[in-house]
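According to UniProt numbering, the sequence shown is numbered sequentially starting from 1.
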Amino acid sequence: MTKEDIIERLKTIVKPFVNNQEAFENLTEDTDFITDLQINSANLVDIVLDVEDAFGIDIDNLAMEKMISIKATIEIIEAKLAEK
Numbered sequence: 001m002t003k004e005d006i007i008e009r010l011k012t013i014v015k016p017f018v019n020n021q022e023a024f025e026n027l028t029e030d031t032d033f034i035t036d037l038q039i040n041s042a043n044l045v046d047i048v049l050d051v052e053d054a055f056g057i058d059i060d061n062l063a064m065e066k067m068i069s070i071k072a073t074i075e076i077i078e079a080k081l082a083e084k
């Protein structure tokens with residue numbers, strides 16, 4: 001799975017929780033979930049659960065705490081997929 005594939009899946013997952021549509025439309029690897037997309041911390045948990053389902057992976061608490069940006073999330077997904 002390419003990085004672009006992961007980003008496209010992430011966009012689908014985060015879209016319902018985004019409060020800054022302009023930032024979402026200009027989403028890059030440097031986009032931050034809380035600062036840029038204005039997603040609240042409770043919704044981040046929902047996103048993590050959706051990521052687990054979409055990619056068939058398990059994300060532990062340590063990895064979850066690092067999932068604050070698109071880039072960090074991609075790195076965690078790639079690492080978990082590589083473990084499979």
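For each residue, glycine too, the CB sits at the ideal point set by N, CA and C.
Kindly indicate which residue of the options has the alpha-carbon position closest to the one of residue i.
i: E8; options: I59, T35, A79, F55; result: F55
i: T31; options: I68, I57, E78, K15; result: I68
i: I20; options: F33, L10, D5; result: Position check: residue 20 holds Asn in this sequence, whereas Ile was assumed. For N20, the nearest C-alpha among the options comes from F33.
i: A42; options: V14, A23, I6, D53; result: V14
i: T12; options: F24, M1, T2; result: F24
i: E52; options: P16, E78, V18, F17; result: E78
i: T28; options: I59, K84, K3; result: K3
Pull the bridge partners of residue i from the DSSP assignment, please.
i: D32; result: S69
Residue i lies in the alpha helix (DSSP H); which residues open and close that run?
i: L49; result: 41-55
i: F24; result: 21-25
Residue i by DSSP, collapsed to three states: which one?
i: T12; result: helix
Where residue i and residue j are concerned, what is the direct C-alpha to C-alpha distance, given to the nearest angstrom?
i: K80; j: A63; result: 10 Å
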